[in-house]
Amino acid sequence: MKPVLGNSLAGKNIRYLLCDTWGKTEPELEGGEWVQSPIQCLDRAVETKPNIIVVRFWQMPIREREALVDLCTTLKWNSYTRKIPVLALLHAKHRGLIEDLQHADVDFARFFSERSLNSGRMIEIIGSLGAKDRVERQLKMLCPYLHYDAIDAKCEMILCGAYKDRMVLGGKWLHKMCETGEHLHCEYYLKPRVKS
Ligand code: SF4
905 MKPVLGNSLA
915 GKNIRYLLCD
925 TWGKTEPELE
935 GGEWVQSPIQ
945 CLDRAVETKP
955 NIIVVRFWQM
965 PIREREALVD
975 LCTTLKWNSY
985 TRKIPVLALL
995 HAKHRGLIED
1005 LQHADVDFAR
1015 FFSERSLNSG
1025 RMIEIIGSLG
1035 AKDRVERQLK
1045 MLCPYLHYDA
1055 IDAKCEMILC
1065 GAYKDRMVLG
1075 GKWLHKMCET
1085 GEHLHCEYYL
1095 KPRVKS
């Protein structure tokens, strides 16, 4: 099992590199550098070797989201950057995305829905990273039957794979049952009616 890198970073004079293509970050980041594209992120990561790289996902077109996943994959495969921990900041729980992050070997995922981001919040998030933020751990909390179907380039419908993909999920049920450990008690999870 990988060590909990988050704890070892706490209290250090952290140098972080943040990739936020949304542009909702305070321009002057204490202890950090903000870049707005995956290419810039890769360049700066190789050049400056930060303590941690933070990649921010938000409600973006699916292709842009995939480009950020590709960035994470490259960072973890590149011999110059693979040892640098990567944290994905996610605006919402999305099982498909978290599975992709796991395949990319991303270290941490944290949910962060606030629009703007500043140095204080960044340091607080990085300093409090722990085992609960491990990508594998985050994935375990989400129902494996969550299924996403693209409606257009930006929007997806969330469906229950345990109900033949016929039940659209949303609202309280999604957030309190499907996206938490409570899914283990869901009647559809316990007795799935999967497609034949
Ligand atoms: S309705 Fe139940 S089985 Fe379907 S995704 Fe939600 S928790 Fe899982």
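For the sequence shown, my numbering begins at 905 and goes up steadily by one.
In this text, a Cβ means the ideal position worked out from N, Cα and C, and glycines have one as well.
These numbers were taken from a predicted model, which means no experiment stands behind them.
For residue i, is the classification buried or exposed, using 16 other Cβ atoms within 10 angstroms of its Cβ as the cut-off for buried?
{"i": "K906", "result": "Its pLDDT being 48, under 50, K906 is placed unreliably by the model, and nothing is read from it."}
{"i": "M1026", "result": "buried"}
{"i": "A1054", "result": "exposed"}
{"i": "K980", "result": "buried"}
{"i": "G910", "result": "Confidence at G910 is low in this model, with a pLDDT of 49, below 50, so its placement is unreliable and no value can be given for it."}
{"i": "H1051", "result": "buried"}
{"i": "E1083", "result": "buried"}
Is the beta carbon of residue j closer than 8 Å to that of residue i?
{"i": "G954", "j": "R919", "result": "Note that residue 954 corresponds to Pro in the displayed sequence, not to Gly. Contact: yes."}
{"i": "L1005", "j": "C1047", "result": "no"}
{"i": "L991", "j": "V958", "result": "yes"}
{"i": "E1086", "j": "K1095", "result": "no"}
For ligand 1, I want to know if residue i counts as a neighbour, meaning its beta carbon is within less than 7 Å of at least one of the ligand's heavy atoms.
{"i": "H1087", "result": "yes"}
{"i": "A996", "result": "no"}
{"i": "M1045", "result": "no"}
{"i": "L1073", "result": "yes"}
{"i": "L1001", "result": "no"}
{"i": "C945", "result": "no"}
Compare the C-alpha of residue i against each of the options and name the closest.
{"i": "F1012", "options": "L921, K1036 and A1066", "result": "K1036"}
{"i": "M1045", "options": "E1091, K997 and T952", "result": "K997"}
{"i": "E1018", "options": "N917, E930 and L921", "result": "E930"}
{"i": "E970", "options": "N1022, S941 and T1084", "result": "S941"}
{"i": "S1032", "options": "E937, F1015, I988 and M964", "result": "F1015"}
{"i": "I956", "options": "E968, Q963 and L946", "result": "L946"}
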